[in-house]
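A.B. asks: Residues 202 to 385 (the working numbering) make up the sequence shown, in order.
For each residue, glycine too, the CB sits at the ideal point set by N, CA and C.
Owing to the predicted nature of the structure, the values given are computational and were not obtained by experimental measurement.
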Amino acid sequence: SMSAVALIDGERTSTYAQVDERTTCFANRLADLGLKPGSRLAVLATNCIEYVEIELAAAKAGVIVAALNWRLGDRELKHCIELVSPSLIVEGAALSQNLDRLDLNNIPRIVLEHDFDAQIALGDSTYQDLHLDSECGLVILYTSGTTGLPKGALISHRAMIARAMLFASELGIARDDHFVAWTP
202 SMSAVALIDG ERTSTYAQVD ERTTCFANRL ADLGLKPGSR LAVLATNCIE YVEIELAAAK
262 AGVIVAALNW RLGDRELKHC IELVSPSLIV EGAALSQNLD RLDLNNIPRI VLEHDFDAQI
322 ALGDSTYQDL HLDSECGLVI LYTSGTTGLP KGALISHRAM IARAMLFASE LGIARDDHFV
382 AWTP
């Protein structure tokens, strides 16, 4: 049911209906900001409800989320950002200083705690089905960089869904079960 709880972050919860509306609004807002299918959006944040909303909105907009590791040093972080040429960076306020130290060539930035809800409010709530190919990229995860700087691995919509289905199947997760999201 759309009224069931979809996300829990401490005392904060969101229903499936709320997540659907917020992600549609943010997907449309991304398009308003000039992001097109295939554009990259970098996220520098720790786990939070908004991280899930960003990824789902990106899926609706055809935008690729580059999941930046907030533990990286300046050199590695700058490399990971430059590697994907993001059109937008969404950041947690506590991590803004990590980006402030880098020369990011004026990439627009949204601070989760200050700007995210306002950006969602500016987006249209009408869902625009883009009929994306399931092989289109959805997430860029970075390798550990054991032989040098981190490298980006592009994960498709299909692969993300397959990964979730396999996870649910292997662990016997029922429809009403919950799980802890350890990683972005």
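(1) Quick check on this structure: which residue in N229, G338, N248, E277 has the alpha carbon closest to the alpha carbon of V266?
(2) Please work out which residues of its chain come closer than 6 Å, Cβ to Cβ, to Y328, disregarding the five sequence neighbours upstream and downstream, and give them in chain order.
(3) Using 8 Å as the cut-off, can you tell me whether the region 207-216 makes contact with the region 345-356, which would need three or more C-beta pairs spanning the two stretches below that distance?
(4) Apart from the five residues on each side of it in sequence, which residues of its chain come closer than 7 Å, Cβ to Cβ, to A243?
(5) Within the region 207-270, note down every full beta strand (DSSP E) run reaching 3 residues or more, in order along the chain.
(6) Which residue comes first and which comes last in the alpha helix (DSSP H) that contains S297?
(7) Distance, Cα to Cα, A205 vs F380?
C.D. replies: So, from the data block:
(1) Counted from its first residue, the sequence shown places residue 266 at position 65. Nearest option by C-alpha distance: G338.
(2) The sequence position of residue 328 within the sequence shown is 127, counting from 1. Here the set comprises T225.
(3) no
(4) For the purposes of this step, residue 243 is taken as residue 42 along the sequence shown, with counting starting at 1. Correct list, in chain order: A267, L269, I282, V285, P287, I290.
(5) 213-216, 241-245, 265-268
(6) Taking the first residue of the sequence shown as position 1, residue 297 is located at position 96. Element bounds for S297: 297-301.
(7) If you number the sequence shown from 1, residue 205 lands on position 4. If you number the sequence shown from 1, residue 380 lands on position 179. Rounded to whole angstroms, A205 to F380 spans 15 Å at the Cα level.
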